[in-house]
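Chemist: This is the structure I have questions about; it appears just below.
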Amino acid sequence: RKEVEQDPGPFNVPEGATVAFNCTYSNSASQSFFWYRQDCRKEPKLLMSVYSSGNEDGRFTAQLNRASQYISLLIRDSKLSDSATYLCVVNSRGAQKLVFGQGTRLTINP
Amino acid sequence: GAVVSQHPSRVICKSGTSVKIECRSLDFQATTMFWYRQFPKQSLMLMATSNEGSKATYEQGVEKDKFLINHASLTLSTLTVTSAHPEDSSFYICSARDEVGYTFGSGTRLTVV
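If you're matching them up, the sequences are chains A and B in order.
Going by our numbering, the first residue of the first sequence is number 1, and it counts up by one from there.
Going by our numbering, the first residue of the second sequence is number 1001, and it counts up by one from there.
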């Protein structure tokens, strides 16, 4: 079983739609959680950290459910520029290395 | 914000040759850097953790004699792919931990022909 699992998609949604991704992690010792965005043939870039209480950054909302060990990302009013692969990333307490999910590919259609 | 510079961005080499990839932290010191590999439509897989002034820590299944890592200063780590083969063709990305989180280099696309 992969340590971080995501639905690879692809998700194709119309511009303006709301789209949600989920991610599950297997290591209960995981302490830090992130969503990264990766454009084709580019490096990953931090979209947002995920906090236990849930957090919002503009059109993006991230939630963490420690009991069920899953993380979600909600994108509202999607834009064409949101088309990318979204990576769910975790790391464990004391561990510096990040563990990446496979990524969920999103395409926003005009 | 923190910047990690990675070079080259793209390299094509002949099978059996070696390729060196550099990763520099431009405005901060990085005692630890990470090297990842990403095959098409797959996730980033950590290859090794590079520690300044000491030996790198390799992930299971990664050949340390094939992927040589040197982290001689607080701002520079290098990955050398020795005796490259076509199956080593991949996207290699470095990362460093800064005050805020993790910053990634722009990646190196290696093609071995």
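We put the CB at the ideal spot given by N, CA and C, even for glycine.
What first and last residue would you give for the beta strand (DSSP E) that runs through B:N1051?
Modeler: Residue 1051 of chain B sits at position 51 when you count from the first residue of the second sequence. Looking at the DSSP string, the run of the beta strand (DSSP E) that includes B:N1051 is 1045-1051.
Chemist: Does chain A have any CB closer than 8 Å to the CB of B:T1032?
Modeler: Walking along the second sequence from the start, residue 1032 of chain B turns up at place 32. By this cut-off, B:T1032 is an interface position.
Chemist: Which value, in whole angstroms, describes the spacing of the CA atoms of B:V1100 and A:G54?
Modeler: As a first step, residue 1100 of chain B is located in the second sequence; it is residue number 100 there, counting from the start. As a first step, residue 54 of chain A is located in the first sequence; it is residue number 54 there, counting from the start. If I take the Cα positions, the gap works out to 19 Å.
Chemist: Check for me: the beta strand (DSSP E) holding A:D57 runs from which residue to which?
Modeler: Taking the first residue of the first sequence as position 1, residue 57 of chain A is located at position 57. Counting along the chain, the beta strand (DSSP E) containing A:D57 begins and ends at 55-57.
Chemist: Between B:T1111 and the rest of its own chain, which residues show a CB-CB distance below 6 Å, the 5 nearest in sequence each way excluded?
Modeler: The residue you call residue 1111 of chain B lines up with position 111 of the second sequence. If we look at B:T1111 and ignore the five residues flanking it on each side, its Cβ neighbours are I1012, S1089.
Chemist: Distance, Cα to Cα, A:Y25 vs A:L73?
Modeler: Your numbering for residue 25 of chain A matches position 25 in the first sequence. Your numbering for residue 73 of chain A matches position 73 in the first sequence. Answer to the nearest angstrom: the Cα atoms are 14 Å apart.
Chemist: Specify the secondary structure class of A:E43 as computed by DSSP and reduced to three states.
Modeler: Taking the first sequence and counting its residues from 1, one reaches residue 43 of chain A at position 43. In the structure shown, A:E43 falls within a coil segment according to DSSP collapsed to helix, strand and coil.
Chemist: Excluding sequence positions up to five away, which residues of its chain have a Cβ less than 7 Å from the Cβ of B:S1106?
Modeler: Numbered from 1 along the second sequence, position 106 holds the residue referred to as residue 1106 of chain B. Cβ within range, chain order: Q1006, S1009.
Chemist: Determine whether the Cβ of B:G1053 lies closer than 8 Å to any Cβ atom of chain A.
Modeler: Position 53 of the second sequence holds residue 1053 of chain B. Taking Cβ atoms only, chain A never reaches closer than 8 Å to B:G1053, which makes this a no.
Chemist: If we cut at 8 Å on Cβ distances, does B:S1043 have a partner in chain A?
Modeler: Residue mapping note: residue 1043 of chain B aligns to position 43 of the second sequence, counting from 1. Closer than 8 Å to some Cβ of chain A, the Cβ of B:S1043 qualifies, so yes.
Chemist: Using alpha carbons as the reference points, say which of B:S1015, B:I1093, B:G1001 lies closest to B:H1085.
Modeler: One-based indexing of the second sequence puts residue 1085 of chain B at position 85. Closest option to B:H1085, Cα to Cα, is B:S1015.
Chemist: Just to confirm before moving on: does the CB-CB distance between A:F33 and A:L80 stay below 8 Å?
Modeler: Against the first sequence, residue 33 of chain A aligns to sequence position 33. Against the first sequence, residue 80 of chain A aligns to sequence position 80. No, these two residues do not count as a Cβ contact at 8 Å.
Chemist: Kindly indicate if chain A contains any beta-carbon less than 8 Å away from that of B:R1037.
Modeler: Residue numbering aside, residue 1037 of chain B sits at position 37 when the second sequence is read from its first letter. No, B:R1037 does not count as interfacial toward chain A.
Chemist: Could you tell me if A:A62 is buried or exposed, where buried requires 16 or more neighbouring beta carbons within 10 angstroms of its beta carbon?
Modeler: By one-based count along the first sequence, residue 62 of chain A stands at place 62. Around the beta carbon of A:A62, a 10 Å sphere encloses 16 or more other beta carbons of the protein chains shown; the residue is thus reported as buried.
Chemist: How about A:P8 and A:Q102: are their beta carbons less than 8 Å apart?
Modeler: By 1-based counting over the first sequence, the position of residue 8 of chain A is 8. By 1-based counting over the first sequence, the position of residue 102 of chain A is 102. When the beta-carbon positions are compared, A:P8 and A:Q102 come within less than 8 Å of each other.
Chemist: Which same chain residues, not among the five before or five after A:A20, have their C-beta less than 8 Å away from its C-beta?
Modeler: Here residue 20 of chain A is taken as the residue at index 20 of the first sequence, counted from 1. Hits under 8 Å: S72, L73, L74, I75.
Chemist: Do B:T1108 and B:S1018 count as a contact pair if the criterion is CB distance below 8 Å?
Modeler: Locating residue 1018 of chain B in the second sequence gives position 18, counting from the first residue. Locating residue 1108 of chain B in the second sequence gives position 108, counting from the first residue. Their beta carbons are not under 8 Å apart, which means B:S1018 does not touch B:T1108 by this criterion.
Chemist: With a Cβ-Cβ cutoff of 8 Å, do B:M1033 and B:S1095 count as a contact?
Modeler: Against the second sequence, residue 1033 of chain B aligns to sequence position 33. Against the second sequence, residue 1095 of chain B aligns to sequence position 95. Result yes, Cβ atoms of B:M1033 and B:S1095 sit closer than 8 Å.
Chemist: With a threshold of 6 Å on Cβ separation, who are the neighbours of B:S1050 within its own chain once the five nearest residues in sequence on each side are excluded?
Modeler: Counting from 1 along the second sequence, the entry for residue 1050 of chain B is found at position 50. Counting only Cβ-Cβ distances below 6 Å, and skipping sequence neighbours, we find M1033, A1056, I1069, H1071, S1077.
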